[in-house]
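Student: Right, I'll just put the structure down here and ask away after.
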Amino acid sequence: MNYCHIIARISRHKQYRDEVEPCMYRRGVSSRTRKLVIGGAAAALLGSALAVGTGMSQAAEQGNAGAGSGNINALVPALGFSPGNPDATADRVGPTGVNVPGRCPPTQAQVNAQVALKNANLPSGTDLESRIQRFEKTLSAIQDLKCPASSTTLLGRLNSLTALRGNADRDNILRGLGLNETPADRAAGSGDAAASGATGNAGAGSGNINALVPALGFSPGNPDATADRVGPTGVNVPGRCPPTQAQVNAQVALKNANLPSGTDLESRIQRFEKTLSAIQDLKCPASSTTLLGRLNSLTALRGNADRDNILRGLGLNETPAG
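Residue numbering for the sequence shown follows our numbering, starting at 63 and increasing by one per position.
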């Protein structure tokens with residue numbers, strides 16, 4: 063068996079087989095020429111293997127300045143949920159309230175590296191389609207790394223972007239958003255509660271209601287809507303849902319003379335439960351908000367021996383899910 067045949071058999075890359083195999087049959091080619099061809103193909107194959115083998119680690123360590131259109135760390139959307147434990151064998155409650163593998167999601171660095179590996183040119187624009195593509199390619203990377211979309215908040219946030227395609231005011235909405243911010247992020251991050259905190263319902267017996275009621279995590283619906291919309295968990299909800307944060311705050315205050323204000327686990331859980339009850343009073347499903355997934359990440363702490371340390375690092379209504 064000659065050298066060409068050996069190289070062709072060990073290579074899994076068809077492009078090198080196509081280039082190398084003919085040299086063993088071509089008449090009139092000298093031994094020295096065959097060796098040069100074999101050497102060139104072997105060098106190319108080795109270079110390709112090294113590039114694939116080291117690409118992800120280099121991307122994570124160096125911040126993937128490439129990807130064709132800017133720093134990958136700035137372009138890939140945040141996953142919206144804490145990384146899983148690579149050694150976990152049991153499920154964990156994901157940010158949308160459903161069980162996901164305990165090893166999921168991957169770390170942000172792993173996802174960034176996978177996106178860079180698969181996309182020579184990741185769109186860097188602030189226009190709607192560039193934003194949508196970044197989310198779609200990130201979700202694809204999550205699946206490449208063997209984790210479901212539900213182990214992140216990406217799908218709900220992507221849905222809040224795709225919903226803008228038919229919105230005549232989309233340019234104005236986008237103008238107020240950061241590079242990878244979405245309407246769902248804006249609702250979760252600030253919401254009507256924060257905007258009206260200076261004056262809101264100071265009652266409810268235990269402090270300013272606007273500070274105590276958790277943010278709904280999704281932009282308010284259109285009260286006049288007759289069709290469904292895609293909610294933050296990826297399922298259809300009535301287009302009028304959720305209510306505004308101010309409406310929910312008022313409903314919580316109306317039904318609860320004393321809303322717990324503590325940072326302990328049970329106080330946090332009660333605030334989420336009472337807010338979900340208010341959502342239902344206002345004729346909207348829990349799935350029109352991100353409250354249920356975040357509540358589940360709190361109730362999962364009841365059996366966690368390290369829960370006090372976990373809670374110590376969280377804001378008043380912050381949860382392990384966000």
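In this text, a Cβ means the ideal position worked out from N, Cα and C, and glycines have one as well.
Short of 8 Å in beta carbon distance, which residues of its chain neighbour residue 331, apart from the five on each side in sequence? Order them along the chain.
Tutor: What you label residue 331 is simply residue 269 of the sequence shown in a count that begins at 1. If we look at residue 331 and ignore the five residues flanking it on each side, its Cβ neighbours are 357, 360, 361.
Student: DSSP puts residue 161 in a beta bridge; with which residues?
Tutor: As a working mapping, residue 161 is identified with position 99 in the sequence shown. Residue 161 pairs with 155.
Student: So, residue 282 versus residue 304, is the Cβ gap smaller than 8 Å?
Tutor: Looking up residue 282 in the sequence shown gives position 220. Looking up residue 304 in the sequence shown gives position 242. Yes, they are a contact pair.
Student: Quick check on residue 291: does DSSP put it in helix, strand or coil?
Tutor: Position 229 of the sequence shown, counted from the first residue, corresponds to residue 291. Residue 291: strand per DSSP, three-state reduction.
Student: Between residue 142 and residue 316, what straight-line distance do the alpha-carbon atoms span, to the nearest angstrom?
Tutor: Locating residue 142 in the sequence shown gives position 80, counting from the first residue. Locating residue 316 in the sequence shown gives position 254, counting from the first residue. Between residue 142 and residue 316, the C-alpha separation is close to 32 Å.
Student: Within the region 306-383, note down every full beta strand (DSSP E) run reaching 3 residues or more, in order along the chain.
Tutor: Listed in chain order, there is nothing to give.
Student: Pull the bridge partners of residue 148 from the DSSP assignment, please.
Tutor: Position 86 of the sequence shown, counting from 1, holds the residue named residue 148. The partner list for residue 148 (beta bridge, DSSP) is empty, contrary to what the question assumes.
Student: Measuring alpha carbon to alpha carbon, tell me which of 209, 223, 366, 351 ends up nearest residue 168.
Tutor: Residue numbering aside, residue 168 sits at position 106 when the sequence shown is read from its first letter. Answer by Cα proximity: 209.
Student: Less than 8 Å between the CB atoms is what I'm expecting for residue 278 and residue 227, so what's the real figure, rounded?
Tutor: On the sequence shown, position 216 is the one that residue 278 refers to. On the sequence shown, position 165 is the one that residue 227 refers to. Contact doesn't hold; Cβ gap of about 23 Å is too wide.
Student: Taking just the CA atoms, how far does residue 313 sit from residue 347?
Tutor: For the purposes of this step, residue 347 is taken as residue 285 along the sequence shown, with counting starting at 1. For the purposes of this step, residue 313 is taken as residue 251 along the sequence shown, with counting starting at 1. When rounded, the distance between both Cα atoms is 15 Å.
Student: Within 10 angstroms of the Cβ of residue 345, are there 16 or more other Cβ atoms? Answer buried if so, exposed if not.
Tutor: Position 283 of the sequence shown holds residue 345. Under this definition residue 345 is an exposed residue.
Student: Could you check what DSSP says for residue 173 in three-state terms: helix, strand or coil?
Tutor: Locating residue 173 in the sequence shown gives position 111, where the first residue counts as 1. Residue state, collapsed to three classes: helix.
Student: Where residue 383 and residue 336 are concerned, what is the direct C-alpha to C-alpha distance, given to the nearest angstrom?
Tutor: The residue you call residue 383 lines up with position 321 of the sequence shown. The residue you call residue 336 lines up with position 274 of the sequence shown. Cα to Cα, the separation comes out at about 18 Å.
Student: Say whether chain C places a C-beta atom closer than 8 Å to the C-beta of residue 370.
Tutor: Reference to chain C is not applicable here, since this structure consists of a single protein chain.
Student: What are the start and end residues of the beta strand (DSSP E) that includes residue 298?
Tutor: Translated into positions along the sequence shown, residue 298 becomes position 236. 298-300 is the span of the beta strand (DSSP E), which, as asked, contains residue 298.
Student: Tell me whether residue 311 is buried or exposed, calling it buried when 16 or more other Cβ atoms sit within 10 Å of its Cβ.
Tutor: For this step, residue 311 is matched to residue 249 along the sequence shown. Counting Cβ neighbours within 10 Å, residue 311 comes out buried, since at least 16 surround it.
Student: Using the Cβ count rule (16 or more neighbours within 10 Å means buried), how would you classify residue 364?
Tutor: Taking the first residue of the sequence shown as position 1, residue 364 is located at position 302. Flag for residue 364 reads exposed.
Student: At what residues does the alpha helix (DSSP H) containing residue 227 begin and finish?
Tutor: In the sequence shown, residue 227 corresponds to position 165, counting from 1. Segment: none, residue 227 is in no alpha helix (DSSP H) and carries neither H nor E.
Student: Considering only the alpha carbon of each residue, which of 376, 162, 196 lies closest to residue 140?
Tutor: By one-based count along the sequence shown, residue 140 stands at place 78. Nearest option by C-alpha distance: 196.
Student: With respect to the alpha helix (DSSP H) encompassing residue 203, which residues constitute its N-terminal and C-terminal limits?
Tutor: On the sequence shown, position 141 is the one that residue 203 refers to. Looking at the DSSP string, the run of the alpha helix (DSSP H) that includes residue 203 is 190-206.
Student: Report the CB separation of residue 290 from residue 298 in whole angstroms; it is logged as a contact under 8 Å.
Tutor: Counting from 1 along the sequence shown, the entry for residue 290 is found at position 228. Counting from 1 along the sequence shown, the entry for residue 298 is found at position 236. Yes, they are in contact, since the Cβ atoms of residue 290 and residue 298 sit about 4 Å apart, within 8 Å.
Student: Between which two residues does the alpha helix (DSSP H) harbouring residue 274 extend?
Tutor: Taking the first residue of the sequence shown as position 1, residue 274 is located at position 212. Unbroken alpha helix (DSSP H) run through residue 274: 271-274.
Student: Between residue 205 and the rest of its own chain, which residues show a CB-CB distance below 8 Å, the 5 nearest in sequence each way excluded?
Tutor: Walking along the sequence shown from the start, residue 205 turns up at place 143. Around residue 205: 211.
Student: What number of angstroms, rounded off, separates the C-alpha of residue 375 from the C-alpha of residue 368?
Tutor: Mapped onto the sequence shown, residue 375 falls at position 313. Mapped onto the sequence shown, residue 368 falls at position 306. One C-alpha to the other measures close to 12 Å.
Student: So the candidates are 149, 218, 148, 186; which of them puts its Cα closest to the Cα of residue 201?
Tutor: As a working mapping, residue 201 is identified with position 139 in the sequence shown. Minimum Cα distance to residue 201 is reached at 218.
Student: Do residue 223 and residue 193 count as a contact pair if the criterion is CB distance below 8 Å?
Tutor: If you number the sequence shown from 1, residue 193 lands on position 131. If you number the sequence shown from 1, residue 223 lands on position 161. Yes, the pair counts as a contact, with Cβ atoms nearer than the cut-off.
Student: Starting from residue 211, follow the alpha helix (DSSP H) in both directions and report where the run begins and ends.
Tutor: Working through the sequence shown from its first residue, we reach residue 211 at position 149. Counting along the chain, residue 211 falls outside any alpha helix (DSSP H), and DSSP gives it neither H nor E.
Student: If the criterion is Cβ atoms closer than 8 Å, does the pair residue 157 and residue 215 meet it?
Tutor: As a first step, residue 157 must be located in the sequence shown, where it is residue number 95. As a first step, residue 215 must be located in the sequence shown, where it is residue number 153. Contact: yes.
Student: I'd like the span of the alpha helix (DSSP H) that includes residue 236, first residue to last.
Tutor: Taking the first residue of the sequence shown as 1, we reach residue 236 at position 174. Counting along the chain, the alpha helix (DSSP H) containing residue 236 begins and ends at 232-237.
Student: Leaving aside the five residues before and after residue 144 along the sequence, list all residues of the same chain whose C-beta is less than 7 Å from its C-beta, in chain order.
Tutor: Taking the first residue of the sequence shown as 1, we reach residue 144 at position 82. Counting only Cβ-Cβ distances below 7 Å, and skipping sequence neighbours, we find 382.
Student: Output needed for residue 286: all residues of its chain with C-beta closer than 8 Å, excluding positions within five of it in sequence on either side, in chain order.
Tutor: Start at 1 with the first residue of the sequence shown, and residue 286 comes out as number 224. Counting only Cβ-Cβ distances below 8 Å, and skipping sequence neighbours, we find 302.
Student: Locate the alpha helix (DSSP H) running through residue 135, then write down its first and last residues.
Tutor: Position 73 of the sequence shown, counted from the first residue, corresponds to residue 135. 134-137 is the span of the alpha helix (DSSP H), which, as asked, contains residue 135.
Student: Can you tell me whether residue 218 is helix, strand or coil according to DSSP?
Tutor: Here the question's residue 218 lines up with position 156 in the sequence shown. Of the three classes helix, strand and coil, the one that applies to residue 218 here is helix, per DSSP.
Student: Given that a residue counts as buried once 16 or more other Cβ atoms are within 10 Å of its Cβ, and exposed if not, what is residue 176?
Tutor: On the sequence shown, residue 176 is found 114 positions in, with the first residue counted as 1. Classification of residue 176: buried, given that the 10 Å Cβ count is 16 or more.
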